[in-house]
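Engineer:
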Amino acid sequence: MKSILVPRARFLMLLAAGALTGCSSIADALTDNAAFRRLLIAPERLDLAILGSGEPLAREYSESEISPDFRQNGFDPPSSPEYQTWARDDWRGYRLQIGGLVRVPRSFSLLELRSRFLSLSQITRHDCVEGWSVIGKWTGPRVADVIAACGPLPQAKYVVFHCMDVDQNGTPYYESLDIRQAAHPQALLAYGLNDRPVPVKNGAPLRLKVPTQLGYKSAKYVSRIELVASLGGKNGNGGYWEDQGYEWYAGI
Amino acid sequence: MRPKGASRRMHGEMKRSVYRHPLAVRITHWVVFLSIVVLAMSGMQIFNAHPALYASDASVFRRPVLAINAALDPRTGQPVGYVQIGEHRIVTTHVLGYASDGLGGEAPRAFPGWATIPGYQDLADGRRWHFLFAWIFGLCAIVYAGWAFQLLPKASDLKAIPATLKQHLVPWRVPAHASYNPLQKITYFGLVFVVAPLVILTGLALSPAVDAHAHWLPALFGGRQFARIWHFAAMLAFIAFFIAHVAMVALTGFWNNLRSMITGWFDVEGRT
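In order, the protein sequence lines correspond to chains A and B.
Residues in the first sequence are numbered consecutively from 28, following the working numbering.
Residues in the second sequence are numbered consecutively from 23, following the working numbering.
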């Protein structure tokens with residue numbers, strides 16, 4: 028019995044090392060397999076059905092818990108001359124456009140967003156898909172209030188947020204929420220971070236803030252909001268990262 | 023555990039076989055095994071996206087409890103991989119921190135390509151794998167828990183620990199009894215009723231949507247980032263168990279043990 032232990036242990040160790048590398052290779056092949064992909068993305072619907080139900084509020088924190096620095100992530104700030112000019116000029120030229128399936132397409136300057144809508148503040152935790160978290164205080168009107176001012180049509184089911192930042196290939200960032208998520212009381216169009224205007228690195232002049240989902244849903248540099256009947260087709264998978272394979276429902 | 027089934031005479035020797043594991047347990051055992059492998063490997067892929075752990079709710083970037091990173095050696099200009107625990111750094115180049123990129127080269131990566139799913143850096147698909155198998159693992163864990171409840175160690179098991187530990191000093195001499203020995207009971211019971219719930223709850227605590235539904239859950243573990251430490255520690259516990267488990271299976275009659283988890287039948291030595 029004892030004599031065969033050593034070769035057996037070595038055999039098992041080799042088997043383990045090989046198995047691990049094998050697992051990785053098999054998994055890589057499966058990841059690229061169309062049928063298996065459908066299985067891989069299947070749980071998202073289940074997660075949305077369970078976690079997306081109800082209207083629970085993200086936890087709110089006290090001022091003393093605010094992180095010293097709100098970490099920047101994602102693309103570089105927009106480099107367009109237009110954006111640069113607005114930034115130098117205290118965003119006076121900037122207007123948020125709202126269109127698509129609405130009765131009255133409108134646009135609002137930052138001043139109008141501040142004066143015409145109820146301004147709310149929330150101190151919430153921002154959870155990045157990468158794994159880190161920071162706490163910040165966001166101020167601005169509710170997405171719901173701004174959309175309501177334009178009279179959304181009954182067939183509008185999704186709200187798409189078009190952004191001014193682009194990746195290395197020039198593809199712009201965008202995100203989307205369904206009408207229900209957009210109506211969440213904590214879904215804000217934030218012009219303030221930690222009692223100051225949103226800094227350029229964090230999405231100036233206006234950023235979506237959705238604290239019940241991962242950070243990539245909270246699109247920065249929002250310039251245009253479009254109400255649509257469905258995602259897919261020309262509307263992509265509903266977001267820049269969604270088009271790279273990330274979940275549209277980013278509650279996990 | 024009280025094995026069912028009739029004894030049978032093997033090869034005319036005084037050996038007895040018992041039906042040790044019912045079908046549902048045998049199936050879920052292997053599905054759970056597969057799930058743990060996939061969850062650990064895809065979890066390492068996810069960890070690689072931000073390879074640092076913090077003992078707080080939000081991240082305190084300057085003070086990670088554990089970080090696995092790469093840096094340039096100022097003398098040689100060569101990249102160095104390291105594991106940082108508190109203030110201490112352990113050089114781990116080519117294994118952790120700076121390691122296989124899963125595409126034939128090396129890159130700054132906490133866990134190497136051969137240990138992650140997918141092998142190359144891909145957070146999106148790593149998450150998809152992780153969440154699919156989290157469901158499979160969770161559902162199997164429930165089936166498993168229903169059966170493993172009978173492993174709850176009794177007072178007599180606890181009393182027998184010293185004697186059983188002594189037996190394990192010579193692992194290949196640990197006798198094959200019909201029922202699990204006290205150490206097995208405690209280990210399996212702890213795994214099913216402590217480590218598995220811990221890994222599931224701490225995983226859920228990382229979700230912002232779960233947090234919105236149940237603020238108490240991340241708070242229970244010291245906050246979201248702290249829950250990530252527990253989640254990581256539970257993964258290490260599974261790996262430690264896996265190594266010990268496979269070693270004991272191999273040392274105490276490999277084929278007999280393996281058969282008992284495939285056909286259910288386990289050969290018993292002498293009296294039970």
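Cβ coordinates follow ideal geometry from the N, Cα and C atoms, glycine included.
Keep in mind it's a predicted model, so treat the numbers as computed, not measured.
Using the C-alpha atoms, what's the distance from valine 237 of chain A back to alanine 277 of chain A?
Structural biologist: Approximately 10 angstroms between the Cα atoms of the pair.
Engineer: Please tell me whether phenylalanine 83 of chain B has its Cβ less than 9 angstroms away from any Cβ of chain A.
Structural biologist: Judged by the 9 angstroms Cβ criterion, phenylalanine 83 of chain B is in contact with chain A.
Engineer: Residues of chain B with CB closer than 8 angstroms to the CB of serine 160 of chain A, please, in chain order.
Structural biologist: Ordered by position in chain B, the residues that pass the 8 angstroms Cβ test against serine 160 of chain A are Asp79, Ala80, Ser81, Arg246 and Gln247.
Engineer: Counting contacts by CB-CB distance shorter than 9 angstroms, is valine 117 of chain B in contact with chain A?
Structural biologist: It does not; no Cβ of chain A falls within 9 angstroms.
Engineer: Cα-Cα, which of B:Leu226, B:Met270 and B:Gln247 is closest to histidine 190 of chain B?
Structural biologist: It is B:Met270 whose Cα lies nearest to the Cα of histidine 190 of chain B.
Engineer: Under the three-state reduction of DSSP, which class applies to glutamate 90 of chain A: helix, strand or coil?
Structural biologist: DSSP places glutamate 90 of chain A in helix when its eight states are reduced to three.
Engineer: Among the candidates A:Pro83, A:Trp159, A:Pro105 and A:Leu241, whose CA atom is the shortest distance from the CA of serine 94 of chain A?
Structural biologist: Minimum Cα distance to serine 94 of chain A is reached at A:Trp159.
Engineer: Where DSSP assigns a beta bridge to proline 101 of chain B, which residues make up the other side?
Structural biologist: Paired residue(s): B:Leu94.
Engineer: Could one say the Cβ of arginine 293 of chain B lies closer than 9 angstroms to chain A's Cβ atoms, at least one of them?
Structural biologist: Any reading at arginine 293 of chain B needs caution, since the residue's pLDDT is 48, under 50, leaving its predicted position unreliable; the model's value is listed next. False, the Cβ-Cβ gap to chain A never drops below 9 angstroms.
Engineer: Looking only at its chain, what residues have a beta carbon closer than 8 angstroms to the beta carbon of leucine 41 of chain A, apart from the 5 residues adjacent to it on each side?
Structural biologist: So no residue of the chain qualifies.
Engineer: Keeping to the same chain, check which residues put their C-beta closer than 7 angstroms to that of valine 53 of chain B; ignore five residues upstream and five downstream.
Structural biologist: Contacts found: Ile158 and Cys162.
Engineer: Any idea which residues DSSP pairs arginine 131 of chain B with across the strands?
Structural biologist: Answer by DSSP bridge pairing, in chain order: B:Gly119.
Engineer: Span of the beta strand (DSSP E) holding cysteine 190 of chain A?
Structural biologist: Element bounds for cysteine 190 of chain A: 185-193.
Engineer: Note the first and the last residue of the continuous beta strand (DSSP E) segment covering tryptophan 252 of chain B.
Structural biologist: No beta strand (DSSP E) holds tryptophan 252 of chain B; the alpha helix (DSSP H) holding it covers 246-273.
Engineer: Look up glycine 79 of chain A in the DSSP assignment and say whether it is helix, strand or coil.
Structural biologist: The answer is coil: DSSP assigns glycine 79 of chain A none of H, G, I, E or B.
Engineer: Residues of the region 57-69 of chain A in Cβ contact with chain B at a cutoff of 8 angstroms, in chain order, please.
Structural biologist: Cβ contacts with chain B come from Thr58, Leu66, Leu67, Ile68 and Ala69.
Engineer: Would you give the residue range spanned by the beta strand (DSSP E) that isoleucine 284 of chain B belongs to?
Structural biologist: Neither: isoleucine 284 of chain B is in no beta strand (DSSP E) and is coded neither H nor E.
Engineer: For methionine 66 of chain B, which residues in chain A fall below 9 angstroms Cβ to Cβ?
Structural biologist: Those within 9 angstroms of methionine 66 of chain B in chain A number zero; the least Cβ separation is about 10 angstroms.
Engineer: Quick one, which of A:Pro108, A:Ala246, A:Leu57 and A:Gln195 has its alpha-carbon nearest histidine 153 of chain A's?
Structural biologist: The shortest Cα separation from histidine 153 of chain A among A:Pro108, A:Ala246, A:Leu57 and A:Gln195 belongs to A:Ala246.
Engineer: Look at the Cβ atom of aspartate 194 of chain A, then the Cβ atom of phenylalanine 83 of chain B, and state whether they are nearer than 9 angstroms.
Structural biologist: No, they are not a contact pair.
Engineer: Strictly under 9 angstroms for the Cβ-Cβ distance: is glutamate 157 of chain A near chain B by that measure?
Structural biologist: Yes, glutamate 157 of chain A counts as interfacial toward chain B.
Engineer: Since serine 148 of chain A is in the beta strand (DSSP E), which residue starts that stretch and which ends it?
Structural biologist: Serine 148 of chain A -> beta strand (DSSP E) spans 147-154.
Engineer: Do you know how far the Cα of alanine 231 of chain B is from the Cα of proline 140 of chain B?
Structural biologist: Looking at the two C-alpha atoms, the distance is approximately 26 angstroms.
Engineer: List, from N- to C-terminal side, the alpha helix (DSSP H) runs of 4 residues or more that fit wholly inside the region 170-236 of chain A.
Structural biologist: Counting whole runs of 4 or more residues, the region 170-236 of chain A contains the alpha helix (DSSP H) stretches 170-175 and 206-209.
Engineer: Quick one: which chain B residues come within Cβ less than 7 angstroms of serine 94 of chain A?
Structural biologist: Ordered by position in chain B, the residues that pass the 7 angstroms Cβ test against serine 94 of chain A are Ala80.
Engineer: Determine the DSSP secondary structure at serine 57 of chain B, reduced to helix, strand or coil.
Structural biologist: If DSSP states are grouped into helix, strand and coil, serine 57 of chain B belongs with the helices.
Engineer: How big is the Cα-Cα spacing for tyrosine 202 of chain B and alanine 167 of chain B?
Structural biologist: For tyrosine 202 of chain B and alanine 167 of chain B, the distance between alpha carbons rounds to 16 angstroms.
Engineer: Look at the alpha carbon of leucine 57 of chain A and the alpha carbon of leucine 213 of chain B, and state the distance between them as a whole number of angstroms.
Structural biologist: If I take the Cα positions, the gap works out to 30 angstroms.
Engineer: In terms of alpha-carbon separation, which member of A:Gly219, A:Ser80, A:Arg115 and A:Glu202 lies closest to lysine 164 of chain A?
Structural biologist: Considering only alpha carbons, the answer is A:Gly219.
Engineer: With a cut-off of 9 angstroms, does the C-beta of threonine 198 of chain A fall near any C-beta of chain B?
Structural biologist: By this cut-off, threonine 198 of chain A is not an interface position.
Engineer: Could you confirm whether any beta carbon from chain A is found closer than 9 angstroms to the beta carbon of histidine 235 of chain B?
Structural biologist: Yes, its Cβ sits closer than 9 angstroms to a Cβ of chain A.
Engineer: Please classify isoleucine 90 of chain B as buried or exposed, where buried requires at least 16 neighbouring CB atoms within 10 angstroms.
Structural biologist: By the 10 Å Cβ count, isoleucine 90 of chain B comes out buried.
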